[in-house]
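Using our numbering, you'd call the opening residue of the sequence shown number 465 and step up by one each time.
Glycine included, every Cβ here is placed at the ideal spot set by N, Cα and C.
Since the structure is predicted, the reported quantities are computational estimates derived from the model, not experimental observations.
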Amino acid sequence: MTNDILSFIEDKHKFLQTVLPQHYEKYKTVVDIGLPLMLVNKLITEAKEKLFNTKYSMTTSEFDVLMSLLCLNKQLTPTELYENMIFSSGGMTKLLKKLESKNLIKRIPSKEDKRSMYVVLTPEGTKLAIEAFDDIASMHMSLFAELENNEKTDMEKILKKMLVQLTTK
């Protein structure tokens, strides 16, 4: 796999050099940095999806809801959940029903507004979220273990700089 992925990147260099030689210098950085960044994201996402599906019988979206509830450590309305995630309100309703059927969350009526419901983690949901997060953290730590401390520091600075640039436009 390692040689395949590195060959894939090298093939893109050859493509630029032979098919688009006039654009090679312009797009070289895209192949050198952008392509590996996209591939790392793709491979991590696939590994997470496989882990969630095989070990926990849940989707990444379900995990994201559980982690949002765990990290915020408070009850949220479905609207508050979907506003902070990439879902439609209908998609969130379906997701919450699925999590509720697995006894990972429960919905409780609002004391202030009887029409509103809050979503909270059940003890089982809390346990599963923590266990799954631990697995994901271990996966990332093993990936970062290959890096020297100065590389980790540089990567952190670079990624934060890119995030700021992307979120201030």
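- Contact annotation: residue 601 and residue 527 have beta-carbon atoms that are not nearer than 8 Å.
- Residue 611 carries a coil assignment under DSSP once its states are collapsed to helix, strand and coil.
- Contact check between the region 524-543 and the region 572-588: three or more CB pairs, one atom from each, fall below 8 Å, which counts as touching.
- Shown here, residue 605 sits in a helix according to DSSP, grouped into three states.
- For residue 540, there is no enclosing alpha helix (DSSP H), as DSSP marks it with neither H nor E.
- Exclusion of the five residues before and after residue 621 leaves no residue of its chain whose Cβ lies closer than 6 Å to its Cβ.
- Here DSSP, grouped into helix, strand and coil, assigns residue 531 to helix.
- By the CB criterion at 8 Å, residue 619 and residue 611 fall inside the cutoff.
- Excluding five sequence positions before and after residue 590, the CB atoms of its chain that fall closer than 7 Å to its own CB belong to 534, given in chain order.
- Between the region 508-517 and the region 559-567, the count of Cβ pairs shorter than 8 Å is below three; the stretches do not touch.
- Excluding the 5 residues flanking it on each side, residue 520 has same chain C-beta neighbours closer than 7 Å at 592 and 596, in chain order.
- Looking at the DSSP output, residue 581 sits in a beta bridge with 573.
- Residue 625 and residue 631 have their alpha carbons spaced roughly 10 Å apart.
- For residue 565, the secondary structure class from DSSP, reduced to helix, strand or coil, is helix.
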